[in-house]
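Residue numbers (full-length UniProt numbering): 1 to 223.
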């Protein structure tokens, strides 16, 4: 009986560790800490994360299974083609536009607090030209809107898109002088969601998405 309890405890600890590593790697993809073309060497990544290779390998395999990574001897962050970027843009326009409308329907002063905090962090980072902090706040802002939509299915469709295109967004938003351009549509979305104005919220989110991908289509760093 004692051995069985120890085994159950060990399994729970391992599951928790696996999930922690998976969340950390998702964050690195979503915020663009991993760049297009980066090769994720298992032992090096395990050392960086301070854990054994097993949970890291499991997380990498999980990310590869949903298309966020690819595998050719080692896992790597894919360089998305212009066609792939356009497809992700169109899907984001549809899904995030819907999530913005639903977020506006369901918003309350309490649920607006984290969204406002993410916007303030985004604006501060943009004004300081801090690309890393901006990208983190930008991703959290968009995913918070998806959470506010009160649709787990919709959120589970949106998050993988960010895993796929987060590294490429880094290339767009990191262009000199581009960060401040992203403040107005985010501010418009914030105010519209607070005012329960779904149509304006959708339009603001779409403006940001199309603007971002427009930069991607015209940058020399295009995948």
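From the three backbone atoms N, C-alpha and C, an ideal C-beta is built for every residue, glycine too.
Residue 96 places its beta carbon less than 8 Å from that of residue 205. Collapsing the DSSP output to three states places residue 178 in coil.
Residue pairing by DSSP places residue 75 opposite 40, 71 in a beta bridge.
In the three-state reduction of the DSSP assignment, residue 66 falls in the coil class, being assigned neither a helical nor a strand state. With contacts defined by Cβ atoms closer than 8 Å, residue 145 and residue 100 form a contacting pair.
About 5 Å separates the Cβ atoms of residue 76 and residue 39, confirming a contact at the 8 Å cut-off. Judged by pairs of C-beta atoms under 8 Å, the stretch 154-169 does not touch the stretch 115-127, as fewer than three such pairs exist.
Residue 46 sits in a helix when the DSSP states are folded into three classes.
Between the stretch 151-158 and the stretch 67-85, the count of C-beta pairs closer than 8 Å stays below three; the two stretches do not touch.
Ranking 202, 19, 180 by CA distance to the CA of residue 188 puts 202 first.
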